[in-house]
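Note that our numbering gives residue 122 to position 105 of the sequence shown, counting from 1, and the numbers run on in steps of one. Notes follow once the structure below has been shown.
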Amino acid sequence: MASIAGLSGRAWWCMNIRSVTPVAVAWAAVLVLFILPGCNDKTSDGTHEKVTISGRAYTLELALDLEKRQKGLSEREVIPDGTGMLFVFPDREVRVQEFVMRDCRIPIDIIFLDRSGRVTATHAMKVEEARRPDEPKPENPRVPDPYEARLKRYSSRYAAQFVIELAGGELDKLKLSEGQKIPLDLDGLKKRAR
18 MASIAGLSGR
28 AWWCMNIRSV
38 TPVAVAWAAV
48 LVLFILPGCN
58 DKTSDGTHEK
68 VTISGRAYTL
78 ELALDLEKRQ
88 KGLSEREVIP
98 DGTGMLFVFP
108 DREVRVQEFV
118 MRDCRIPIDI
128 IFLDRSGRVT
138 ATHAMKVEEA
148 RRPDEPKPEN
158 PRVPDPYEAR
168 LKRYSSRYAA
178 QFVIELAGGE
188 LDKLKLSEGQ
198 KIPLDLDGLK
208 KRAR
């Protein structure tokens with residue numbers, strides 16, 4: 018057996034493995050922290066949901082509460098490619114949904130989904146004329162708003178719990194049909210809706 022500085026092969030190996038072990042553990046930790054998260058197939062980070070629709074990947078901003086659902090994509094100048102918004106309604110609010118293009122500056126495509134994630138309706142929503150000077154927003158929420166009254170309503174046709182908004186023109190690429198299932202973490206999303 019070969020020896021180094023008077024040590025047998027086995028003694029040398031045992032001595033070196035003890036000095037190498039802390040370095041190996043440190044490198045293993047680096048690999049776990051930096052490489053493995055890239056392999057994660059997790060679909061949500063808490064504020065966004067990753068969804069694949071007709072083979073196209075999207076990262077959708079989540080609208081889980083009333084304030085976020087009412088604001089939606091209003092006032093956005095652009096919806097970057099591969100992004101959009103996923104509205105989730107709590108069980109108590111599952112009904113025929115109607116969306117409008119309130120304060121929207123760009124065309125938006127909309128996909129309504131029922132409780133099971135199946136398409137109930139799709140619409141290519143067009144930009145509406147902005148609020149005019151003769152349409153001031155009423156201070157009292159019980160007073161009809163003339164601007165809101167003139168906005169076109171886009172209906173889910175059937176009870177919907179989920180709504181996806183994408184950049185205008187995406188529906189043409191997706192070729193969706195009524196009844197088609199969109200894969201979502203339905204139970205997880207329903208639990209988080211407020």
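C-beta: ideal position from N, C-alpha, C; glycine also.
Using a Cβ distance threshold of 8 Å, determine whether the region 173 to 190 contacts the region 133 to 146, with at least three qualifying pairs required. As far as the Cβ criterion goes, the region 173 to 190 touches the region 133 to 146, which means the pair count is three or higher.
Beta-carbon proximity check, aspartate 126 vs leucine 183, cutoff 7 Å: yes
Measure the Cβ-Cβ separation of arginine 174 and alanine 138 and say whether it is below 7 Å. yes
Can at least three beta-carbon pairs, one atom from the region 66 to 76 and one from the region 193 to 206, be found at a separation below 8 Å? yes
What do you reckon, are the CB atoms on glycine 213 and leucine 77 nearer than 7 Å? This structure cannot speak to residue 213, because the chain is shown only from 18 to 211.
Rounded separation between valine 105 and glutamate 115 - CA only: 14 Å
To the nearest angstrom, how far is it from the Cα of lysine 208 to the Cα of aspartate 108? 9 Å
When the Cα atoms are used, what is the spatial distance from arginine 93 to alanine 147? Distance between the alpha carbons of arginine 93 and alanine 147 is about 14 Å.
Using only CA atoms, which one of Val111, Val160, Leu193 lies nearest to alanine 141? Checking every option, the nearest Cα to that of alanine 141 belongs to Leu193.
Skipping 5 residues on each side, what residues in its chain have a beta carbon closer than 6 Å to that of leucine 191? Ile70, Ser71
What's the call for alanine 210, buried or exposed, on a 16-neighbour Cβ count within 10 Å? buried
Cβ neighbour criterion (16 or more within 10 Å) applied to glutamate 187: Classification for glutamate 187: buried.
Endpoints, alpha helix (DSSP H) assigned at aspartate 189: 187 to 191
Segment limits, beta strand (DSSP E) that includes arginine 174: 171 to 177
Does DSSP put leucine 90 in a helix, a strand or coil? coil
From the DSSP output, which residues share a beta bridge with glutamate 78? His65, Met102
So, is arginine 112 buried or exposed, given that buried needs 16 or more other C-beta atoms within 10 angstroms? exposed
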